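**Q** Going down the list, the protein sequences come from chains U and P. So in UniProt numbering, spot 10 of the first sequence is number 10, and the numbers just go up one at a time. So in UniProt numbering, spot 178 of the second sequence is number 178, and the numbers just go up one at a time. Ideal Cβ placement from N, Cα and C applies to all residues, glycine included. In this text the structure is predicted, and so the values were computed from the model without any measurement.
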Amino acid sequence: MSETTATLYEQLGGEAAVNAAVDIFYRKVLSDHRINRFFDNTDMDKQAAKQKAFLTMAFGGPNNYSGADMRQAHAHLVKKLGLDDSHFDAVVENLATTLQELHVPQALIQQVAAIAETTRNDVLGR
Amino acid sequence: MQTRKISVGRRELFCQPGESVLEALLREQVEIAYGCRQGSCQSCIARSLDGAPPVAAQAGLKDVLRHQNHFLTCLCYPERDMAIGIGSPEQRFCHATVTGKQLLNAETLLLTLRTDEALDYYAGQFVNLKRGDGLQRSYSIANNRVHARNLTLHIRRLAGGRFSAWAHDELKVGDSLEVSDPQGLCYYLPSGQPRNLLLIGTGSGLAPLAGIVSEALHHGHAGEIHLYHGSREMDGLYWIDELRGLAAQHANFHYTPCVSRGDAPDGVAGGRANDVAMKQLPDLKGWRVYLCGHPDMVQQSKRQAFLNGAKFDDIYADAFHVASSTLD
Chain U
1 MSETTATLYE
11 QLGGEAAVNA
21 AVDIFYRKVL
31 SDHRINRFFD
41 NTDMDKQAAK
51 QKAFLTMAFG
61 GPNNYSGADM
71 RQAHAHLVKK
81 LGLDDSHFDA
91 VVENLATTLQ
101 ELHVPQALIQ
111 QVAAIAETTR
121 NDVLGR
Chain P
1 MQTRKISVGR
11 RELFCQPGES
21 VLEALLREQV
31 EIAYGCRQGS
41 CQSCIARSLD
51 GAPPVAAQAG
61 LKDVLRHQNH
71 FLTCLCYPER
81 DMAIGIGSPE
91 QRFCHATVTG
101 KQLLNAETLL
111 LTLRTDEALD
121 YYAGQFVNLK
131 RGDGLQRSYS
141 IANNRVHARN
151 LTLHIRRLAG
161 GRFSAWAHDE
171 LKVGDSLEVS
181 DPQGLCYYLP
191 SGQPRNLLLI
201 GTGSGLAPLA
211 GIVSEALHHG
221 HAGEIHLYHG
231 SREMDGLYWI
241 DELRGLAAQH
251 ANFHYTPCVS
261 RGDAPDGVAG
271 GRANDVAMKQ
281 LPDLKGWRVY
291 LCGHPDMVQQ
301 SKRQAFLNGA
311 KFDDIYADAF
321 HVASSTLD
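1) Helix, strand or coil for A123 of chain P? Go by DSSP, reduced to three states.
2) According to a CB-to-CB cut-off of less than 8 Å, which residues of the region 57 to 73 of chain U neighbour chain P?
3) Comparing C-alpha positions only, which one of U:V123, U:D43 and U:S66 sits nearest to S86 of chain U?
4) Check distances from the C-beta atoms of the region 27 to 48 of chain P to those of chain U and list, in chain order, the residues that come in under 8 Å.
5) Buried or exposed: where does S325 of chain P fall if 16 or more other Cβ atoms within 10 Å of its Cβ makes it buried?
6) Using a Cβ-Cβ distance cut-off of 8 Å, determine whether F93 of chain P contacts chain U.
7) Are there 16 or more other CB atoms within 10 angstroms of the CB of F14 of chain P, so buried, or fewer, so exposed?
8) Can you name, in chain order, every residue of its own chain whose Cβ lies under 7 Å from the Cβ of S231 of chain P, other than the five neighbours on each side?
9) Under 9 Å between beta-carbons, which chain P residues line up against V18 of chain U? List them in chain order, please.
10) Do A153 of chain P and A207 of chain P have their CB atoms nearer than 8 Å?
11) On the criterion of 16 or more Cβ atoms from any shown chain inside 10 Å, does S2 of chain U qualify as buried, or is it exposed?
12) Write down the C-beta distance between N69 of chain P and S48 of chain P rounded to the nearest angstrom, noting that I regard them as a contact closer than 8 Å.
13) Taking one C-beta from the region 19 to 28 of chain P and one from the region 67 to 85 of chain P each time, how about it: are there three or more such pairs within less than 8 Å?
14) To be precise: take each residue of the region 121 to 142 of chain P, compare its Cβ to all Cβ atoms of chain U, and keep it if any distance is under 7 Å. Which residues remain?
15) Report yes if the CB atom of A142 of chain P is closer than 8 Å to the CB atom of A210 of chain P, and no otherwise.
16) Tell me which residues share the same chain as L167 of chain P and place their Cβ nearer than 7 Å to its Cβ, disregarding the 5 neighbours each side in the sequence.
17) Under the rule that 16 or more other beta-carbon atoms within 10 Å means buried, what is P257 of chain P, buried or exposed?
18) Beta strand (DSSP E) containing N143 of chain P: first to last residue?
19) Cα separation between residue 329 of chain P and G60 of chain U?
20) Under 6 Å Cβ to Cβ from H284 of chain P, same chain only, skipping five residues before and after it: list those, please.
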């Protein structure tokens, strides 16, 4: 496959890239005082699997996310804990710094951020 | 490439050349969870029942899952006919005789069993014990793999615990029990790598960890091995002298008993075992972590270990879920 036709997922390095990123990303999220309270009562194993699925999607890889799933999964956080745009921004920021640490070129990071951005309204229940 | 036969339970179906096992299962409308179809989500996991699956079908799986011949059906292009299992397998039991009973402390019984057949277990796994009327409970194996027909188990007396009270008060040497096949993924596999191990247990969560320590030392594990055993008070701890003795014999084995209430005597740390461990070992990068005991401790320690740098795949946990408030 020539470089011009490689998908974003392939350019990032596919599943190996997701595996490299997921630990760094989730560690950042859990250490981030702006947002870690949203993860207080979650089962770590299930949560790690979800983070991996989220990164796979944001990397442009295979996924089965539907907007309705995203809405349903975050509804209680919006309602009870006040999940809002500032928290969504913090997650995207952690995603970007994760990729920077992995020396991913800025142009690809912007594409990842753009895909993550498409979930904003569903996550925030709008 | 040729057509391969796949047996699933009582069904048999054929996997065409170039077709993955998942595709064949879905085509034949066998019920199986699946997601990405590319080896990422691991939803479509299954187990080969007649030997190792193709190596490529195990990409990304945790070592203990690979070791037990689990594989991803979406990545599996069979190289031979295969018998596979989806979901939990049926439990198989074997007959065992009680060969010893000894109290480890006021509430914990060391029960020794001899099974009629050798069990293929790994230190850290658990078995279900079943008595005559069918009542069953899970207990971790506290010895290493060398003793294939002898099992030692730590049975903690729980308030209102039907099985534990019976095992403590009525079960006698010479009595019979049924023992299930060993289960669970929280166990030690010798890897030959000099990796450091951190083991944290509360209460009878020491049982599987003691088995793992013994197994690791038996294999001459080259990394450091740190064991933290916690209880509320001193009388909830046991094997203190034995474990101190083991630490004196092996330079790479370190043992820290911990009590979370009241003053800790000399040589015992004050505080919850997981908090003590995480404070003493702030950098767990590259470590393997084993957690056994109270579900809250296990849950909290997973997070702490991860934030201290351990990789998710390197954290092995067995939470002891009981319907009782006495476990700590």
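**A** Walking through what the data contain:
1) A123 of chain P falls in the coil class under three-state DSSP.
2) Cβ contacts with chain P: G61, P62, N63 and N64.
3) Comparing Cα-Cα distances from S86 of chain U to each of U:V123, U:D43 and U:S66, the minimum goes to U:V123.
4) Within the region 27 to 48 of chain P, G35, C36, R37, Q38, G39, S40, C41 and Q42 place their CB atoms closer than 8 Å to a CB of chain U, listed in sequence order.
5) Reliability of the predicted coordinates at S325 of chain P is poor, the pLDDT of 46 falling under 50, and no value is obtained from them.
6) Not closer than 8 Å to any Cβ of chain U, the Cβ of F93 of chain P fails to qualify, so no.
7) Counting Cβ neighbours within 10 Å, F14 of chain P comes out exposed, since fewer than 16 surround it.
8) Cβ-Cβ distances below 7 Å link S231 of chain P to T202, G203, L237, V259 and D328 in the same chain, with the five nearest sequence neighbours on each side left out; the list follows chain order.
9) For the C-beta of V18 of chain U, the chain P residues within less than 9 Å are, from N- to C-terminus, S40.
10) In the sequence under discussion, the amino acid at residue 153 of chain P is Leu, which differs from the Ala named in the question. In contact: L153 of chain P and A207 of chain P (Cβ atoms closer than 8 Å).
11) Note that S2 of chain U scores 47 on pLDDT, short of 50, meaning its location in the model is unreliable; the coordinates nonetheless yield the value given after this. Only exposed fits S2 of chain U, as fewer than 16 other CB atoms lie within 10 angstroms of its CB.
12) Correct: roughly 4 Å between the Cβ atoms.
13) Touching, yes.
14) Within the region 121 to 142 of chain P, no residue places its CB atom closer than 7 Å to a CB of chain U.
15) Their beta carbons are under 8 Å apart, which means A142 of chain P touches A210 of chain P by this criterion.
16) Note that residue 167 of chain P is Ala in the sequence shown here, rather than Leu. For A167 of chain P, same chain residues with a beta-carbon under 7 Å away, outside a window of 5 residues either side, are L109, L111 and I155 in chain order.
17) Buried: at least 16 other Cβ atoms inside 10 Å.
18) Per DSSP, N143 of chain P belongs to no beta strand (DSSP E) and is neither H nor E.
19) Coverage of chain P is limited to positions 1 through 328, which leaves residue 329 of chain P absent and any answer about it impossible.
20) Checking the displayed sequence, the identity of residue 284 of chain P turns out to be Leu instead of His. Residues A305, N308, G309 and A310 of the same chain have their beta carbon placed closer than 6 Å to that of L284 of chain P, with the five preceding and five following residues left out of the count.
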